[in-house]
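**Q**
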Amino acid sequence: MTAALAPAGLLDATGAALADHLAAHGPLPAADAAALAGSAGLTARGGLPAAGRIRSVAQAALTARRAPVVVADGVGGDPAGLGDRALLTRAPHLVLDGLALAGRTLGATTLALAAPADRLATVLRAVAERGDAVRLDVVVPPSPVGGRPTLVLDVETLARLALLARGCTGPAGARLVTRRWEAAGVPHADVVDADPGTRLADLLPLGGARAVLVGGGSGTWVPAAAARGLRLDGADLAAVGAHPGAVVLAALPGDRCGLLETARVVAALTGDPTGAPAGRCGPCADHLSRVAAALAATVPPPPGLLDDVAGRPGCGACRHADGAARLVAGALEVFADEVTAHRYGSCTATSWAPFLPVPAHVR
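Numbering (full-length UniProt numbering), first residue to last: 1 to 363.
#1: With DSSP collapsed to three states, give me the class of THR63.
#2: Could you have a look at THR262 and say whether DSSP puts it in helix, strand or coil?
#3: Check whether the Cβ atoms of ASP118 and ALA246 sit closer than 7 Å, and answer yes or no.
#4: Closer than 8 Å by C-beta to LEU18: which residues in its own chain qualify, once you throw out the five before and the five after it? Chain order, please.
#5: Measure the alpha-carbon distance for THR350 versus ALA235 and round it to whole angstroms.
#6: ALA3 by DSSP, collapsed to three states: which one?
#7: Closest Cβ-Cβ distance between LEU230 and chain D: below 7 Å?
#8: If you draw a straight line from the alpha carbon of LEU249 to that of LEU124, how long is it in whole angstroms?
#9: For the candidate residues LEU252, GLY167, LEU230, CYS257, whose alpha-carbon lies nearest to that of ALA31?
#10: When we look at the beta-carbon of VAL186 and count the other beta-carbons within 10 Å, is it buried (16 or more) or exposed?
#11: Alpha carbon to alpha carbon, how far is PRO68 from VAL191? Give it in angstroms, no decimals.
#12: When you compare the CB positions of ASP193 and LEU176, do they come within less than 7 Å of one another, or not?
#13: Using the Cβ count rule (16 or more neighbours within 10 Å means buried), how would you classify THR178?
#14: Rounded to the nearest angstrom, how far is the Cβ of ALA34 from that of THR105, given a contact under 8 Å?
#15: From ALA58 to GLU261, what distance separates their C-alpha atoms?
#16: If you reduce the DSSP assignment to three classes, tell me which class VAL334 lands in.
#17: Alpha carbon to alpha carbon, how far is ALA174 from PRO49?
#18: Alpha carbon to alpha carbon, how far is ALA121 from ALA360?
#19: For the candidate residues LEU259, ARG53, LEU96, LEU42, whose alpha-carbon lies nearest to that of PHE335?
#20: Output needed for LEU28: all residues of its chain with C-beta closer than 8 Å, excluding positions within five of it in sequence on either side, in chain order.
#21: By DSSP, does PRO354 sit in helix, in strand, or in coil?
#22: So the beta strand (DSSP E) THR110 belongs to, where does it begin and stop?
#23: Does ARG228 come out as helix, strand or coil in the three-state DSSP assignment?
#24: Could you tell me if LEU332 is buried or exposed, where buried requires 16 or more neighbouring beta carbons within 10 angstroms of its beta carbon?
#25: Are ARG256 and PHE355 closer than 7 Å when you measure CB to CB?
#26: Take the Cβ of ARG188 as the centre, count every other Cβ of all protein chains shown within 10 Å, and call the residue buried at 16 or more, exposed below.
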């Protein structure tokens, strides 16, 4: 596989120290974050224009006559995604540059970075190396913070702002892509900075793969044969009912059961890492749990249960149920042979070890 990697990538620095960062990227120039994002067409996670979000908070701060807060979100990615982790552990200063840039543009007096505990050590070391005048908290804050106008941008968007300020434009729409595959029975995973014109076949080894999960836990399955000619571009993926989503690509090995893998992902959506139900509303606490069990079973599921969740978008207090609906709908179509096998009490898989990362309680 030969990935068309974006130039001036986010992960170019040879180390996480400030000296490594400056050697790779140089100092951060003064720039207007909204203007940079607007001219480059930069979109934040979720697809909304970053420039619009920055300007909206600027207007809110002006109206409220209160200094805004800027938050770098390093916790909102897909469980199977490694992009945020890679940035915070390998390129923390690029994230902090983007955070500082957005803060200066808005006149923020407080910056915050939300990060999981296992990534805090590198981030805290990076903060200590810097001489930024604006206070920076490493927390998991609410939004808005202290009732003030609050800009929340994911860490990748902020890191790309820092590159744009240095004149490193690269291909429009370049994204950090998490790749997961298996070779000779050994699982592999990494992160690459790829442009949207890259073919999936150049990003993942698809030989022997049964299907490709596009978009992580809120994405959908695409047959391996169909995935070969697809590009990472959103329009290309939409033609087969997929979307980039969390930009997680996983090539399911041919010896695995696609229904069981889907069941594990759906089960993970229903609770926290301890296995306790999410408890926010019925779709997660009850319906998705039953769907996960039905997908994994080697006996006929209750009539209509799987088709029911696949056709129920828009239910629930969050988007978990919608993501699960897309995932289940794709699984029912792509793994139709497995559905038939399960109805007769069998399974075509020869290995039942989890391929996708899921909490221990659903393995």
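Every residue gets a Cβ at the ideal spot worked out from N, C-alpha and C, and that includes glycine.
**A** Reading from the atomic positions:
#1: For this step, residue 63 is matched to residue 63 along the sequence shown. If DSSP states are grouped into helix, strand and coil, THR63 belongs with the helices.
#2: In the sequence shown, the residue the question calls residue 262 occupies position 262. Three-state DSSP puts THR262 in a helix.
#3: By 1-based counting over the sequence shown, the position of residue 118 is 118. By 1-based counting over the sequence shown, the position of residue 246 is 246. Taking 7 Å as the Cβ cut-off, ASP118 and ALA246 do not qualify as a contacting pair.
#4: Counting from one through the sequence shown, the residue named residue 18 turns up at place 18. Cβ within range, chain order: HIS93, ALA126, GLU129, ARG130.
#5: The count along the sequence shown starts at 1 and reaches residue 350 at position 350. The count along the sequence shown starts at 1 and reaches residue 235 at position 235. When rounded, the distance between both Cα atoms is 35 Å.
#6: Here residue 3 is taken as the residue at index 3 of the sequence shown, counted from 1. Only weak support exists for where ALA3 lies, its pLDDT of 48 falling under 50; the value from the coordinates is given anyway. DSSP places ALA3 in coil when its eight states are reduced to three.
#7: No chain D appears in this structure, which consists of one protein chain only.
#8: Counting from 1 along the sequence shown, the entry for residue 249 is found at position 249. Counting from 1 along the sequence shown, the entry for residue 124 is found at position 124. If you take the alpha carbons of LEU249 and LEU124, they lie about 30 Å apart.
#9: The residue given as residue 31 occupies position 31 in the sequence shown. That would be GLY167, whose Cα lies nearest to the Cα of ALA31.
#10: Here residue 186 is taken as the residue at index 186 of the sequence shown, counted from 1. Looking at its Cβ environment, which holds fewer than 16 other Cβ atoms inside 10 Å, VAL186 is exposed.
#11: Translated into positions along the sequence shown, residue 191 becomes position 191. Translated into positions along the sequence shown, residue 68 becomes position 68. Going from the Cα of VAL191 to the Cα of PRO68 covers about 33 Å.
#12: The residue labelled residue 193 in the question sits at position 193 within the sequence shown. The residue labelled residue 176 in the question sits at position 176 within the sequence shown. Their beta carbons are under 7 Å apart, which means ASP193 touches LEU176 by this criterion.
#13: Numbered from its first residue, the sequence shown carries residue 178 at position 178. Flag for THR178 reads buried.
#14: Along the sequence shown, one-based indexing puts residue 34 at 34. Along the sequence shown, one-based indexing puts residue 105 at 105. Separation of the CB atoms of ALA34 and THR105 is rounded to 6 Å, and the pair is thereby assigned contact status at 8 Å.
#15: Residue numbering aside, residue 58 sits at position 58 when the sequence shown is read from its first letter. Residue numbering aside, residue 261 sits at position 261 when the sequence shown is read from its first letter. Approximately 44 Å between the Cα atoms of the pair.
#16: On the sequence shown, position 334 is the one that residue 334 refers to. Of the three classes helix, strand and coil, the one that applies to VAL334 here is helix, per DSSP.
#17: Along the sequence shown, read from residue 1 onward, the residue named residue 174 stands at position 174. Along the sequence shown, read from residue 1 onward, the residue named residue 49 stands at position 49. Going by the C-alpha atoms only, they are around 14 Å apart.
#18: Indexing the sequence shown from 1 puts residue 121 at position 121. Indexing the sequence shown from 1 puts residue 360 at position 360. Distance between the alpha carbons of ALA121 and ALA360 is about 25 Å.
#19: As a working mapping, residue 335 is identified with position 335 in the sequence shown. Nearest of LEU259, ARG53, LEU96, LEU42 to PHE335, Cα basis: LEU259.
#20: Position 28 of the sequence shown, counted from the first residue, corresponds to residue 28. Once the five neighbours on either side are set aside, the close Cβ partners of LEU28 are ASP97, ALA100, LEU101, ALA162, ALA165, ARG166.
#21: Locating residue 354 in the sequence shown gives position 354, where the first residue counts as 1. PRO354 falls in the coil class under three-state DSSP.
#22: Taking the first residue of the sequence shown as 1, we reach residue 110 at position 110. For THR110, the enclosing beta strand (DSSP E) stretches over residues 110-114.
#23: As a working note, residue 228 is residue 228 in the sequence shown. Correct three-state label for ARG228: coil.
#24: In the sequence shown, residue 332 corresponds to position 332, counting from 1. Classification of LEU332: buried, given that the 10 Å Cβ count is 16 or more.
#25: Within the sequence shown, numbered from 1, the residue matching residue 256 stands at position 256. Within the sequence shown, numbered from 1, the residue matching residue 355 stands at position 355. Contact flag set, yes.
#26: The sequence position of residue 188 within the sequence shown is 188, counting from 1. In the sequence as displayed, the identity of residue 188 is His instead of Arg. Exposed.
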